[in-house]
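Quick note on numbering: full-length UniProt numbering labels position 51 of the sequence shown as 51, and the sequence is numbered without any gaps.
Note that the Cβ used here is the ideal one computed from N, Cα and C, for glycine as well.
Here is the structure we will look at, set down as structure tokens.
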Amino acid sequence: MIKPIADLLTEPGQSRYALCVGVSKRAREIAEEAEKNHIVLDEQPVEIAVQELTEHKYHIVESNRNEDEEADEAKVQQLEEQRNAEIAAAEENAKVSSEAWNEENAEQPEE
């Protein structure tokens with residue numbers, strides 16, 4: 001894609017990378033629909049996708065990586081907390097079992 005055209009198609013704050021990815025995804029959809037319906041396209045799917053974008057038939061949504069990263073970090077933290085709770089429960093169980101064993105063996109008279 002030529003840079004000046006890309007600048008005209010992008011919204012403020014949107015990257016040219018997002019534009020290329022969005023247009024290519026739409027072009028793939030167009031090609032798949034044409035193949036499925038046995039339609040011969042007069043134009044290249046990318047040209048159709050760009051034309052549709054200029055006609056505002058679709059828009060490109062760029063995900064916020066920070067929100068995605070925060071969600072991933074929250075999941076990791078939740079899993080770590082769950083694992084730590086399981087370890088603490090296992091240690092407590094082992095401690096109780098050990099104390100019970102010691103009490104049981106201490107009560108037995110020596111022969």
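Burial state of residue i (16 or more Cβ within 10 Å)
i          : result
residue 49 : buried
residue 21 : exposed
residue 28 : exposed
residue 76 : exposed
Whole-Å CB distance - residue i paired with residue j, under 8 Å assumed
i          : j          : result
residue 60 : residue 6  : Not a contact, Cβ separation roughly 12 Å.
residue 52 : residue 15 : Their Cβ separation, rounded to whole angstroms, is 20 Å, which puts residue 52 and residue 15 out of contact at 8 Å.
Other residues of its chain near residue i: CB distance less than 8 Å, five sequence neighbours each side excluded
i          : result
residue 31 : 41, 45
Same chain, Cβ closer than 7 Å to residue i, neighbours up to 5 away in sequence not counted
i          : result
residue 26 : 49, 52, 58
residue 23 : 46, 49, 50, 53
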